[in-house]
Amino acid sequence: MKYKSLLILFFILMMTVVAQDGVLRGHIEPVNGVAFSPDGRWLISVSDDLSVRVWDVDARTLYKELYPHRSFVRRVVFNLAGDRMVTTSWDGTANVFRVQGETFTTEARIPNFGSPVDAAAFSLDQTRLALGVGDGTIRLMDTATWQEVSLLVVDGLHIRALDFSPSFDTPILAAAVGFPALQLYLWEPDTDTPFAMLDFSATDLAFLDETTLIAVSDMGEILRWQDWQDEDEPTITTYEDVWFTSLAVYDDQIAAGTLDGEIYLWQDETLTVIDGGDPINDLAFSVDGTLLAAGTDAGTVRLIAVDRAD
Numbered sequence: 289m290k291y292k293s294l295l296i297l298f299f300i301l302m303m304t305v306v307a308q309d310g311v312l313r314g315h316i317e318p319v320n321g322v323a324f325s326p327d328g329r330w331l332i333s334v335s336d337d338l339s340v341r342v343w344d345v346d347a348r349t350l351y352k353e354l355y356p357h358r359s360f361v362r363r364v365v366f367n368l369a370g371d372r373m374v375t376t377s378w379d380g381t382a383n384v385f386r387v388q389g390e391t392f393t394t395e396a397r398i399p400n401f402g403s404p405v406d407a408a409a410f411s412l413d414q415t416r417l418a419l420g421v422g423d424g425t426i427r428l429m430d431t432a433t434w435q436e437v438s439l440l441v442v443d444g445l446h447i448r449a450l451d452f453s454p455s456f457d458t459p460i461l462a463a464a465v466g467f468p469a470l471q472l473y474l475w476e477p478d479t480d481t482p483f484a485m486l487d488f489s490a491t492d493l494a495f496l497d498e499t500t501l502i503a504v505s506d507m508g509e510i511l512r513w514q515d516w517q518d519e520d521e522p523t524i525t526t527y528e529d530v531w532f533t534s535l536a537v538y539d540d541q542i543a544a545g546t547l548d549g550e551i552y553l554w555q556d557e558t559l560t561v562i563d564g565g566d567p568i569n570d571l572a573f574s575v576d577g578t579l580l581a582a583g584t585d586a587g588t589v590r591l592i593a594v595d596r597a598d
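To convert a position in the sequence shown, counted from 1, into this note's numbering, add 288.
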């Protein structure tokens, strides 16, 4: 009995500790995207209600509302320096904000592509912005001029997610392409032909490190694709009756949101399932990985404190 108690205590100490830390309310339509500023000061949420909301992370209060778009706002991303923020919309545009302290001003409005813009990602060196457009193209923009410098074409009409690998030398661009392709695409820098493609119905993706791509699917699958340069087979784990909608990574932490409002949180070998309350549309970790934000279909942003007991 003594050994059993010690064993139980050991597992308790190794568990990931999570707690609901608050709910941010104000949006009146689904929250489609969330992102923390790299300095940790701001949390941005974007919604079908056309608003971009800036929340003070420490105070847990709304600081500012912005209305740069004429249709649903789909995604928000920051560059590494945190001085540029981009929002994308179904109005076919992307809006570039210059961020200086407490000021958010429009620096550029990337012209109307004529199709919804659902995905965006900055390269680590901050020289490129990738935009996923609903006409089956990915537009690469020069961040010095905000002009298009490259056009990538995929066999799909919905670019669900984009991410650059965290490399200054050879940043790989990954895309989760929806109907009809339902594939993952990988491109090397300055090329317009993907060097790798994989049949996988990804709803979101993110690079865990320079050589590991994580993706989740609407069929309850989580994919780990390592050393794809060597064409290694990816590892896929399937969870029954789960529809993954979103993904966020931070060091060894992987969080995946679901259509039924649960958040699967992996840290090392530990899995914790958190009740998020409502369908999860997007997830983001804070800059130190101790806070997880979940944008929900109910128009709320749920904040979840994440810690590891020592």
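Glycine included, each C-beta is placed from N, C-alpha and C at the ideal position.
So what does residue i bridge to, in DSSP terms?
i: M485; result: Y473
i: M507; result: Bridge partners of M507: none, in fact.
i: T500; result: D497 and Q514
i: T393; result: R386
i: T525; result: I510
i: L599; result: No statement about residue 599 is possible, as the shown extent of the chain runs from 289 to 598 and does not include it.
i: L312; result: V589
Hey, out of the options, whose CA is closest to residue i's CA?
i: A380; options: Q435, S359 and T491; result: Ala is not the amino acid found at residue 380; the sequence shown has Gly there. For the residues Q435, S359 and T491, the minimum Cα distance to G380 belongs to S359.
i: W434; options: E528, V441, W343 and Q414; result: Q414
i: Q514; options: T499, V504 and E528; result: T499
i: T525; options: V504, S534 and L535; result: V504
i: D344; options: R363, L312 and R362; result: L312
i: Y527; options: Y552, F452, A449 and D540; result: Y552
i: A536; options: T558, P522, T491 and E521; result: T491
i: S455; options: I426, F495 and M485; result: F495
i: P477; options: S411, Y355, G577 and V384; result: S411
i: M485; options: V442, M507, N383 and D506; result: V442
i: G275; options: L511, D451, P468 and E436; result: Shown here, the chain extends from 289 to 598; a query on residue 275 therefore has no answer.
i: G545; options: I592, V575, D576 and L461; result: I592
i: G370; options: I568, F385 and A418; result: F385
i: A382; options: Y351, D576 and L417; result: L417
i: G549; options: G564, E557 and Q541; result: G564
i: P482; options: A347, P399 and T425; result: T425
i: L559; options: D337, L501, Q541 and L571; result: Q541
i: D570; options: T533, D576 and Q555; result: T533
i: A423; options: D430, N400 and A432; result: First, the amino acid is wrong: residue 423 is Asp here, not Ala. For D423, the nearest C-alpha among the options comes from N400.
Could you compute how far the alpha carbon of residue i sits from the alpha carbon of residue j?
i: V306; j: R590; result: Confidence in V306 is poor, its pLDDT being 49 and thus under 50, which makes the residue's placement unreliable; the coordinate value appears in the next sentence. Straight-line Cα distance between these residues: approximately 13 Å.
i: L440; j: L368; result: 23 Å
i: A581; j: F324; result: 8 Å
i: L331; j: P404; result: 24 Å
i: A543; j: T393; result: 32 Å
i: G420; j: W475; result: 14 Å
i: T584; j: Q388; result: 28 Å
i: T376; j: V322; result: 12 Å
i: T349; j: D487; result: 42 Å
i: T578; j: P326; result: 14 Å
i: I300; j: V594; result: Residue placement at I300 is flagged as unreliable, the pLDDT there being 33, under the threshold of 50; the coordinate-derived value follows with that caveat. So the two alpha carbons sit approximately 15 Å from each other.
i: M373; j: V340; result: 11 Å
i: A586; j: E395; result: 31 Å
i: R362; j: H446; result: 13 Å
i: I316; j: P459; result: 38 Å
i: R427; j: T479; result: 13 Å
i: M302; j: I562; result: Residue confidence for M302 is low, a pLDDT of 35 falling below 50, so the modelled location carries little weight and cannot support an answer.
i: G328; j: Y538; result: 14 Å
i: D457; j: L354; result: 35 Å
i: V465; j: S489; result: 8 Å
i: R448; j: T391; result: 30 Å
i: L338; j: S438; result: 29 Å
i: H357; j: S335; result: 11 Å
i: F298; j: A408; result: For F298, the predicted model reports a pLDDT of 32, less than 50, meaning its position is unreliable and no value from the coordinates is stated.
i: D556; j: D451; result: 22 Å
i: L493; j: A347; result: 30 Å
i: S453; j: D576; result: 19 Å
i: A462; j: V530; result: 24 Å
At what residues does the beta strand (DSSP E) containing residue i begin and finish?
i: N383; result: A382 to Q388
i: N569; result: I568 to F573
i: L419; result: R416 to V421
i: F401; result: Taken as a continuous stretch (DSSP letters only), F401 belongs to no beta strand (DSSP E), as it is neither H nor E.
i: T584; result: L579 to T584
Is there at least one Cβ from chain C nearer than 8 Å to residue i's Cβ?
i: M429; result: Chain labels in this structure do not include chain C; a single protein chain is all it has.
Contained beta strand (DSSP E) runs [length at least 3] in the segment 433-469, N- to C-terminal order: 435-441, 447-452 and 461-465
Which parts of the segment 316-384 are runs of the beta strand (DSSP E), unbroken and 3 residues or longer, counting only runs that do not cross its ends? 319-324, 330-335, 340-344, 349-354, 361-366 and 372-377
Just list the beta strand (DSSP E) runs in the segment 531-563, keeping only unbroken ones of 3 residues or longer that don't cross its boundaries, in chain order. 532-538, 541-546, 550-555 and 558-563
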